[in-house]
Structures are given as C-alpha cells and as structure tokens.
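Working notes, structure below.
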Amino acid sequence: MSFSRYLLKRIAFMILVLIGASILSFVLVRIVPGDPARILLPPQAKQEDIDRMKEKMGLDEPYIKQYSQYVKSLLKGDLGFSYHTGRSVVDEFKWRLPATIELSMLSLLLAALVGIWLGVISATNKNGFADHASRLFSIGGISAPGFWIGLLCIYVFYYKLSWVPAPTGRVNLIRETATGGSGFLLWDAVITGNWDLFKDALMHLILPVFVLSYSFLAMICRLTRTGMIEVSQQDYIRFAKSCGIKKKRIIWKYSLKNGIRPVLTMLGMFLAQLIGGVVFIETVFNWPGIGRYAVDAINFLDYGPIQGFIIFMALIYVVTNLIVDLIYMVIDPRVQY
Amino acid sequence: MLSNKSKFTYMRKVFMSNKLSLVGAVIVLIFLLIVAFGPIFAKIPPDLIDYDNILSSPSNTNYFGTDQYGRDLFSRVIFGARTSLSIGLVVVTFSTILGLCVGTISGYLGGSFDNFIMRLVDLLMAFPSVIVAMVLATIMGGGIKILIIAMLISSWTGTARIARGETLSLKQSGYIKGTQALGGKWNYILFHHILPNVLPPVLVSATLSFGNIILNIAGLSFIGIGVQAPLSEWGLIISEGREYIVTGQWWLVFFPGLAIVLTVIGLNLLGDGLRDILDPRQRR
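Below, the structure is given as structure tokens:
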C-alpha cells in the first residue's frame, strides 16, 4: 500500500470516529430524562411557552434535520452552551483549556523523562538494587489512586509542612487571574516579566503535576524496562558491544531508540488515561480546567458541556493516534503502512 | 505428560518460589475474610451517627477515628470492603466472560467481522472509563447499576484482545488444522481445543484487571458518579472526608485509601504469581 493510500484510509477512519462521536452526543441529549426546553424555562412556564422554546431550539423538526443542523453548527465550531453557567461551551473551553494543557503536558513531560530514565536504569541493573527500588516505586504508582495520593500530599506538604500554598487552583485566591495573554500562566508570567505571578503559579503547579505524573511514570518505567531488556538481547546490540563501543553510548543511542517502542505504542492510550486522570486531579486541587468542568456538568445535569466534552475527546483521540503512527514511521522505517 | 498430582506439586512449587505472589495471595485472602466475617470485628454499626463524638482521631474504641457525623470509620471501611469487592467481582466476572467470547470468536472467524470488532475495541480503549461512566450517569442517573454497566463497557476490551491474540496463534497450530482436516465442526474446535488454551492467560489478565476495576470504582464514587451516599464504599468515604484534609483530619482519607492500595497491590502480586504458573511463556 502506498503512503498516500494509507493516509487516506487513516483520515477516513478519523472521520468515521468523529461522526460516531457526534451521533453519540446528539443522541445523548434526546434520550435524557426531562425535556431540554422545560429545563431552560422556569417551572411555572405554560405548555405554549415550552412549545415556542422547542420551536426556537429546533426540537420540533424531524431527527434527521435536527442532526444535520447539529453537525452544521459543530463544523462552524459551535459546541452548544451550558444551561448552568449560561455561557457557550466554546468560551468555557477557551479559558479552561490552557489550565488543563499546562497541567497535563508538564505531567506527561515529567513522567516521560523520569519514567524512561528509571526504566533504563532498571533494565541495565536487572535484578539489582536500583531495579528493585524503581519497581517498588512504580508498583505504588500503579496501585494507589491518584486522588488519594493528591489528598495525602496536600496534608503533608500544605497542612503539616506549609511548603506549598493551599489547593485553590492555579494561583492564590486574592490574585487576579486574568492577566491576558495566552492563558498559560507560566509562559505569560515570563513574557510580562511578572516573577511574582510566575512563582505563585509554579508553586500551585508542583503538587498536581507530580501527582498526575506518578501513575504514568510507573507505567512508562515498566514498559521501558521490558522494551530495553528485550532489545539488549538482539544481535545488533551484541555486535555494537563486540565492536567496543562504550556502554553508555550503546544504551542511550542504540538500545533506547527501539527500547521505548512499547511506550510509543501506548502513547495514545496514555493520553486517554491522562484525560481521565486530569478529571480527578483537577477535582482534588480545585483546578479550573476542562476535567472539573465536566464533573460539575454531570453534577448539575448540564448536557451542553458533556456533549462538547465527548466531541473534544474524540478529536484528541484521532489526532494523537495519527501523530503516534507518524512518529512510529519516523523512528522505525521497517513499519509498513 | 505429568500426572495430575505431580502437576499440582509443580504448580505449588513455582508459586511458593515467588515470595511476592505469596504475599499477594495472603493479602487477597485477608480481604476476602474481611468481606465474609467483617461484621464480627466491626462491632459499631457503620451508619450509627453520634454527634458527641465527631471527627475524633484514631483511638482504642474507634480504631480508625470517626467522621463528621461521628460514624466509626473502622466499621465503614470494613463494610466498604463488601461494596467495593462485590461490585468488582461482578464486573470482572462478566467482563471476562464477554471478552473471552468476543475475542475467541473474533479471532477464530477472522475477516471483516474480526476487523470490525478490533476497531471497536480500539475505540472503546481510547475513551477512559471515567468518561463512559459520566455519559451513562447523565443519561440514566448515577448509582451502582450504572457503575457496573460503565465499567463493563470499558473493561471487556483488554480481555478480548488477549483472547483474540491467543486464538490467532492457536489457529495456525498443527493440531487445530488437523482437526479441521478431519472435519471437526467449528463449535467443537472452539470449545474443546481453543477455549481451554485461551483460558489461562485470560484468567491471569482477569486477576490483574480486578485491581484496576477496584481503582476505577473508587474513582467514580469519589467524583460522585458511582456508589451513592448512605452506603459505604472506599472511594465515597474518601470523597466525604476530602475537605477535612486541609484542617488536619487525615484519618478520614488515609484509611479507606490504604485499604484500596493494599487490595490492588495484593491482586497485582497474585496475578503475577498466577502468570508464572498458568502462562509460563510470559515468565520474567
């Protein structure tokens, strides 16, 4: 199969997934108990008011037409609006997304760096002290719920030691959050030279980033360890050794490239788990991101944000999977498409 | 071929040689005993409200302290074990059966049916169980039933993948081809030859995913989707004690969480040990 045909096939699959997600979120609102039009209006509203509202919302049209309307608005970038806050979902996403991205990307970065490093150390000292220590560390990450570790960390580092500020979200409560700019607080603070804000944001980030990265770090460490051990038995590594190339160079340059392949394969799954984990960590640390937005929406039975969340998740899924496949091809030219 | 007795001796030897899996088995056994005989140890009813004794720290009468309603935390954690583990058991049983059936059939039939099932599995794996549960909870309201359905939807996929992979490699083996050549019916081959060989790795993965399911149940109850208020469940107890962590009442969060961690570690270690016995190829 040629590359362009492969790409076409992938894109067709992506579109299929997105259509599935849009149908899911469309159906969601139609089968929930209670009439969306009734929810919007005060309880004493008359039947004719409800009918008028239905007409306004397009709920009296046949389903096919309603669905095509819905897809049309999606394509225009309109994700609906929240009955609870009265704001459009896109607006909410716009100011919440940087908070979630800042938190999750820093966590992923930390998890990847430390996890791969630990995995390599573990594999090169197989059954040694470092191996056992790092495996014990990763068993903790896999077996303990993130929200529990988060709460315990708050107890130890905030209540007992006062090393970090109270879990009030991204900055202290009294601080103005709207500093303009991109919404990525660390970046904004550096650009405007606001070091006070930088320190505040950083101190608020430390705990959530550490806790969120812990479980991923554990998985990445395990996968890297298995991958590295497998690779180290292959002929090309043995050849490199027999050529007298330094051990460090073999490990970090030759083995690692193939050794982290299991990690890359799972990257798409990590991202899905990351978004799942974000929901808990944002709840524990009162982080104003999209995960907590979704939890709040559930608790208020607010359909708009949940619909938006489904579409958004599907979008992230297809895009990351494509990126992972492309990375795979760059790293390993033997992969056939 | 080993006789049954020596096979058992061999299995016991392998299992005992791994100290950690023994530890895992003991932990799991203790928790099963707690589920069965817990009420004997927990003399104070888990929902007995006592306003004279709220938020007291662990002591000789209240081993784990009390919560904001004066309820005994030790009893609540013990009774919570019943909720968490029984829901987990239901989910792991049904998801294993479902995954086993779908995976084996999909692998055996192959072709476009297999392709479709595997794409479906990919898709379900991409959506974290939290999101699936959230959507279901919005449609049908929270509660244990929704929790179980949501967990089922997201947890059968792993088993299906393993069962399919095993079936695919078995299908290529000589004896299956031989049976087919002799005119063996597909259902005979599936039940007599493939299923018994697919079962061991699937059982191992079921033990390992049991831990994950316990974690997910706790997580969903923590954000208010799963088990609801008057019942006691580990994640729910943590969520109820959550706000007291910033005022220093650590026991409300610590003990239920510890129960979760111990259970999950126990199940993971046990799973590793079972893998050594049942699935020697995977041995590390």
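Order-wise, the sequence lines are chains Z and D. Per the numbering used here, residue 1 is the first one in the first sequence, and the count goes up by one each step. Per the numbering used here, residue 1001 is the first one in the second sequence, and the count goes up by one each step. Note that CB positions come from ideal geometry on N, CA and C, so glycine has one too.
With 16 other Cβ atoms within 10 Å as the buried cut-off, status of residue i
i: Val190(Z); result: exposed
i: Met228(Z); result: buried
i: Asn1268(D); result: buried
i: Arg1284(D); result: Note that Arg1284(D) scores 46 on pLDDT, short of 50, meaning its location in the model is unreliable and no value can be drawn from it.
i: Trp1297(D); result: The structure shown does not extend to residue 1297(D), since chain D spans only 1001 to 1284, so no value can be given for it.
i: Leu8(Z); result: exposed
i: Met105(Z); result: exposed
i: Met1001(D); result: Caution is warranted here: a pLDDT of 47 is assigned to Met1001(D), below 50, making its placement in the model unreliable, and the coordinate value is therefore given only provisionally. Exposed, by the Cβ-count rule.
i: Ile11(Z); result: exposed
i: Glu48(Z); result: exposed
i: Ser1075(D); result: buried
i: Cys243(Z); result: exposed
i: Gly1174(D); result: exposed
i: Arg261(Z); result: buried
i: Gln1172(D); result: exposed
i: Val1286(D); result: With chain D covering 1001 to 1284 only, the question about residue 1286(D) has no answer from this structure.
i: Tyr1010(D); result: exposed
i: Gln44(Z); result: exposed
i: Leu1236(D); result: buried
Contacting residues, own chain, Cβ-Cβ under 7 Å from residue i (five flanking each side not counted)
i: Arg135(Z); result: Ser122
i: Ser1056(D); result: Asn1062, Gly1065 and Thr1066
i: Thr124(Z); result: Ile251
i: Pro1230(D); result: Asp1047
i: Arg96(Z); result: Pro288, Gly289, Ile290 and Tyr293
i: Phe81(Z); result: Arg87, Ser88, Val89 and Gly304
i: Leu1183(D); result: It is Gly, not Leu, that sits at residue 1183(D) in the sequence shown. Answer for Gly1183(D): no residue qualifies.
i: Phe1210(D); result: Gly1088, Val1092 and Leu1267
i: Ala1081(D); result: Phe1031, Ile1034, Val1035, Gly1038 and Ala1259
Spatial neighbours of residue i in its chain, beta-carbon cut-off 6 Å, leaving aside the 5 residues before and after
i: Asn258(Z); result: Val231
i: Leu186(Z); result: Ala201
i: Ile1087(D); result: Ile1217
i: Val1253(D); result: Ile1238, Gly1241 and Ile1245
i: Ala1025(D); result: Leu1270
i: Val107(Z); result: At residue 107(Z) the sequence reads Ser, which differs from the Val that was named. Correct list, in chain order: Val209, Leu212 and Ser213.
i: Gly277(Z); result: Gly146 and Leu212
Assumed close pair residue i, residue j - CB separation to whole angstroms, cut-off 8 Å
i: Thr1083(D); j: Ser1232(D); result: 6 Å
i: Phe1079(D); j: Gly1038(D); result: 7 Å
i: Leu264(Z); j: Ile323(Z); result: Rounded, the Cβ-Cβ distance is 10 Å, inconsistent with contact.
i: Ala1160(D); j: Ala1133(D); result: That pair is no contact at about 19 Å.
i: Val1077(D); j: Phe1222(D); result: Going by Cβ atoms, the distance from Val1077(D) to Phe1222(D) rounds to 15 Å, so no, they are not a contact pair.
i: Leu1124(D); j: Ile1153(D); result: 7 Å
i: Leu223(Z); j: Met266(Z); result: 6 Å
Own chain partners of residue i with C-beta closer than 8 Å, once the 5 adjacent residues on each side are dropped
i: Ile281(Z); result: Leu103, Gly146, Phe147, Gly150, Pro208, Val211, Leu212, Trp287 and Gly291
i: Tyr1051(D); result: Tyr1069 and Gly1070
i: Ile306(Z); result: Ser25, Leu28, Ala294, Ala297 and Ile298
i: Lys1185(D); result: none
Interface flag, residue i vs chain A, CB-CB below 7 Å
i: Val1253(D); result: Of the protein chains in this structure, namely Z and D, none is chain A.
Using a Cβ-Cβ cut-off of less than 7 Å, list which residues of the segment 1230 to 1245 of chain D approach chain Z; keep chain order.
Ile1238, Arg1242 and Ile1245
Output needed in chain order: residues of the segment 271 to 295 of chain Z with a Cβ under 7 Å from some Cβ in chain D.
Going along the segment 271 to 295 of chain Z in chain order, one finds Ala272, Gln273, Ile275, Gly276, Val279, Phe280, Thr283, Ala294 and Val295 with a Cβ nearer than 7 Å to chain D.
For a minimum of 4 consecutive residues, which ranges assigned as the alpha helix (DSSP H) are wholly contained in the segment 127 to 207 of chain Z?
129 to 143, 146 to 153 and 185 to 192
Between the segment 135 to 148 of chain Z and chain D, which residues of the former have CB atoms less than 9 Å from a CB of the latter, in chain order?
Listed by position along the chain: Ile139, Gly140, Ile142, Ser143, Ala144, Pro145, Gly146, Phe147 and Trp148.
What ranges does the alpha helix (DSSP H) occupy inside the segment 75 to 132 of chain Z, keeping only unbroken runs of at least 4 residues that lie completely in it?
Runs found: 89 to 124.
Length-filtered (4 minimum) alpha helix (DSSP H) runs lying within the segment 1086 to 1111 of chain D
none
For the segment 299 to 332 of chain Z, which residues have a beta carbon sitting closer than 8 Å to at least one beta carbon of chain D?
Asn299, Leu301, Tyr303, Ile306, Phe309, Ile310, Met313, Tyr317 and Asn321
Alpha helix (DSSP H) runs wholly inside the segment 1133 to 1199 of chain D, at least 4 long, in chain order
Every alpha helix (DSSP H) stretch that sits fully inside the segment 1133 to 1199 of chain D and reaches 4 residues is listed by chain position as 1144 to 1171, 1174 to 1181 and 1186 to 1189.
In the segment 50 to 75 of chain Z, which residues sit with their C-beta less than 9 Å from some C-beta in chain D, listed in chain order?
Here the close residues number zero.
Which ranges would you report for the alpha helix (DSSP H) in the segment 256 to 282 of chain Z if only whole runs of at least 4 residues count?
For the segment 256 to 282 of chain Z, whole alpha helix (DSSP H) runs of length 4 or above, ordered along the chain, are 256 to 259 and 261 to 265.
Members of the segment 157 to 170 of chain Z that neighbour chain D once the beta carbon cut-off is set at 9 Å
Tyr158, Tyr159, Lys160, Ala166 and Pro167
Can you give me, in chain order, the residues of the segment 1203 to 1224 of chain D that have a beta carbon less than 8 Å from any beta carbon in chain Z?
Gly1211, Leu1215, Ala1218, Gly1219, Phe1222, Ile1223 and Gly1224
Would you list, in chain order, the members of the segment 206 to 217 of chain Z that have their beta-carbon closer than 7 Å to a beta-carbon of chain D?
Listed in sequence order: no entries.
Using a Cβ-Cβ cutoff of 8 Å, what residues of the segment 90 to 113 of chain Z are near chain D? List them in chain order.
none
Can you check the segment 1229 to 1257 of chain D for any beta strand (DSSP E) of at least 3 residues that lies completely inside it and give the ranges in chain order?
none
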